[in-house]
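Enquirer: Chains A and B are the protein sequences, given in the same order. Going by my numbering, the first residue of the first sequence is number 1098, and it counts up by one from there. Going by my numbering, the first residue of the second sequence is number 1098, and it counts up by one from there. Backbone N, C-alpha and C define an ideal beta-carbon position, used for all residues, glycine too. All values derive from a computational prediction rather than experimental measurement.
Number of protein chains: 2
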Amino acid sequence: MNQPVARTRIQRKNIRLISDAALSVFSTYGFRGATVDQIAKEANLSKPNLLYYFPTKEAIHRHLLSTLMDTWLDPLRDMDPDGEPLEEILTYLRRKLQMSRDHPRESRLFANEIVQGAPHILDLLATDLKALVDDKAATLTRWMDEGRINRTDPHHLIFSIWSLTQHYADFEVQVGAVLGPEKPDPYPEAEAYLTTLFTRMLTPDA
Amino acid sequence: MNQPVARTRIQRKNIRLISDAALSVFSTYGFRGATVDQIAKEANLSKPNLLYYFPTKEAIHRHLLSTLMDTWLDPLRDMDPDGEPLEEILTYLRRKLQMSRDHPRESRLFANEIVQGAPHILDLLATDLKALVDDKAATLTRWMDEGRINRTDPHHLIFSIWSLTQHYADFEVQVGAVLGPEKPDPYPEAEAYLTTLFTRMLTPDA
DNA sequence: GTCTATAAAATGATAGAC
DNA sequence: GTCTATCATTTTATAGAC
């Protein structure tokens, strides 16, 4: 039961409980800093019961990463080569920002993994992710060739969208501390700022 | 010897050895994921000898964070209210990018700490860091009032410089995996891209 | 499927010799 | 200042009853 396939109702429910608890704990402490005990307590299960569903701590972590990886890249996959360039890029930007707001734990799970050298997914980054990014970079380059957006480095354009949007989830406590308690939701201003930033960057010069 | 003051030559040398080793280990595994054993081995010292200089694992971590905090904020502190606005901002951007290139472990040490909720420095973020950022945001706002840069949200402008520059250190393995082995140094392109981005964003409209 | 009990290893920290 | 030996605790994982 390495990647458990839920059959019964109770199995599905417990696997969901464990996954949710593990997401909280791994995203807060990283893989090495997380303990099975914490996850079990967070899921309201005994430790042996948890290990009945996932044989090892690493199996839970692997399950989370591979489950989330696809979802995480959907917005980039959906960037339409046949769409209107600036609109496609701004839609991608907004969907990424929305994922930071709605799924900050998922963002921090990946942040922990990558900051710590991506030991569990380095191969995926160098194969699947690289292939997807190279493909989308080619689309961006074509849009630049056609004069529909300003010419710039397409890979670094994608990196900048990642870093700017994920920052609000990954560095949430810092953003909150700097803005102070009277500004509990930074996302409306963030969206306005980032929309302006990329619109100015990419709108073709007159 | 909580924040050890080096007196003899050998003390200074060992404290430097330990600090450097601890920086490597903490930045790779986070506080909870790091072990004293790893740090001792990395420093080529026995574990008890290491604990002769720092009484606990937490003391080493605290020593690193407080030593590095000041250095880390120097570029922002140095942004001159009386300078030429765009030049000051681009200089800040470039110094931050250079810190990512030259001190990626320090960047990842902070990234780990903050992603994991900043348990050891949350108070500093809400006091010292907030005060500094609010002060510089006021300078940016004045520049906007004077029409010397485009009007935008000053706090999110600062956040964007942080996220864009630190990304190259914190997510180094991802950047490397996506760009591939034939592009081992992303910094020249990053600097060109980011310079264009902020120049377009901030240069006042005609 | 779930539990109590526990084995086996790791980890933070200390004792005490030199 | 540095080391070997070791303690106390935490942590991963398993055994076996129900």
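Using three-state DSSP, classify serine 1143 of chain A as helix, strand or coil.
Expert: Per DSSP, reduced to three states, the secondary structure at serine 1143 of chain A is coil, with no helix or strand assignment.
Enquirer: Look at the alpha carbon of asparagine 1099 of chain B and the alpha carbon of isoleucine 1115 of chain B, and state the distance between them as a whole number of angstroms.
Expert: Because the pLDDT of asparagine 1099 of chain B is 48, which lies under 50, any placement of that residue in the model is unreliable, and the question is left without a value.
Enquirer: Starting from aspartate 1231 of chain A, follow the alpha helix (DSSP H) in both directions and report where the run begins and ends.
Expert: 1227-1242
Enquirer: Check whether the segment 1108-1124 of chain B touches the segment 1200-1207 of chain B, counting contact only when three or more Cβ pairs, one atom from each stretch, lie closer than 8 Å.
Expert: Per the Cβ contact rule, the segment 1108-1124 of chain B is in contact with the segment 1200-1207 of chain B (3 or more Cβ pairs under 8 Å).
Enquirer: Comparing C-alpha positions only, which one of A:Leu1254, A:Glu1181, A:Leu1173 sits nearest to aspartate 1225 of chain A?
Expert: A:Leu1173
Enquirer: If the criterion is Cβ atoms closer than 8 Å, does the pair histidine 1264 of chain B and phenylalanine 1295 of chain A meet it?
Expert: no
Enquirer: Here's the rule: buried if 16 or more other CB atoms are within 10 angstroms of the residue's CB, otherwise exposed. What is lysine 1280 of chain A?
Expert: exposed
Enquirer: In three-state terms, what does DSSP make of methionine 1166 of chain A?
Expert: The DSSP-derived three-state label of methionine 1166 of chain A is helix.
Enquirer: Which whole-angstrom value describes the C-beta separation of proline 1301 of chain B and glycine 1244 of chain B, a residue pair presumed to lie in contact below a C-beta threshold of 8 Å?
Expert: 6 Å
Enquirer: Comparing alpha-carbon positions, which option in B:Lys1233, B:Leu1221, B:His1252, B:Ala1274 lies nearest leucine 1165 of chain B?
Expert: B:Leu1221
Enquirer: Compute the distance between the beta-carbons of isoleucine 1246 of chain A and leucine 1299 of chain A, then report whether it is under 8 Å.
Expert: The answer is yes: Cβ separation under 8 Å.
Enquirer: Using a Cβ-Cβ cutoff of 7 Å, what residues of the segment 1225-1243 of chain B are near chain A? List them in chain order.
Expert: Leu1226, Lys1227, Val1230
Enquirer: Tell me whether tyrosine 1126 of chain A, by its Cβ, gets closer than 7 Å to a heavy atom of the ligand NAD.
Expert: This structure does not include the ligand NAD; it has no bound ligands of any sort.
Enquirer: Take aspartate 1199 of chain B as the anchor and find which of B:Gly1214, B:Pro1182, B:Trp1169, B:Asp1177 has the nearest alpha-carbon.
Expert: The shortest C-alpha to C-alpha distance from aspartate 1199 of chain B to any of B:Gly1214, B:Pro1182, B:Trp1169, B:Asp1177 is the one to B:Trp1169.
Enquirer: With 8 Å as the C-beta to C-beta threshold (strictly closer), list the residues of the segment 1169-1200 of chain B near chain A in chain order.
Expert: none
Enquirer: Are the beta-carbon atoms of glutamate 1286 of chain B and aspartate 1250 of chain A separated by less than 8 Å?
Expert: Less than 8 Å divides the Cβ of glutamate 1286 of chain B from the Cβ of aspartate 1250 of chain A.
Enquirer: Along the alpha helix (DSSP H) that carries glycine 1130 of chain B, what are the first and last residues, could you check?
Expert: Unbroken alpha helix (DSSP H) run through glycine 1130 of chain B: 1106-1130.
Enquirer: Using the three-state DSSP reduction, which class does tyrosine 1265 of chain B fall into: helix, strand or coil?
Expert: helix
Enquirer: Can you give me the Cβ contacts of isoleucine 1186 of chain B inside the same chain, cut-off strictly under 7 Å, excluding the 5 residues immediately before and after it?
Expert: Phe1295, Leu1299
Enquirer: Would you mind working out which of B:Leu1229, B:Ile1211, B:Pro1182, B:Gly1273 sits nearest tryptophan 1240 of chain B, comparing C-alpha positions?
Expert: B:Pro1182
Enquirer: Going by Cα to Cα distance, which pick from B:Gly1273, B:Ala1234, B:Leu1261 is closest to methionine 1176 of chain B?
Expert: For the residues B:Gly1273, B:Ala1234, B:Leu1261, the minimum Cα distance to methionine 1176 of chain B belongs to B:Ala1234.
Enquirer: Check the C-beta distance from glycine 1130 of chain A over to glycine 1127 of chain B and give it rounded, since I have them as a contact under 8 Å.
Expert: 5 Å
Enquirer: Please list, in chain order, the residues of the segment 1118-1151 of chain B that have any C-beta partner in chain A closer than 9 Å.
Expert: Against chain A - using a Cβ distance shorter than 9 Å - the residues of the segment 1118-1151 of chain B are Ser1124, Thr1125, Tyr1126, Gly1127, Phe1128, Arg1129, Gly1130, Ala1131, Thr1132.
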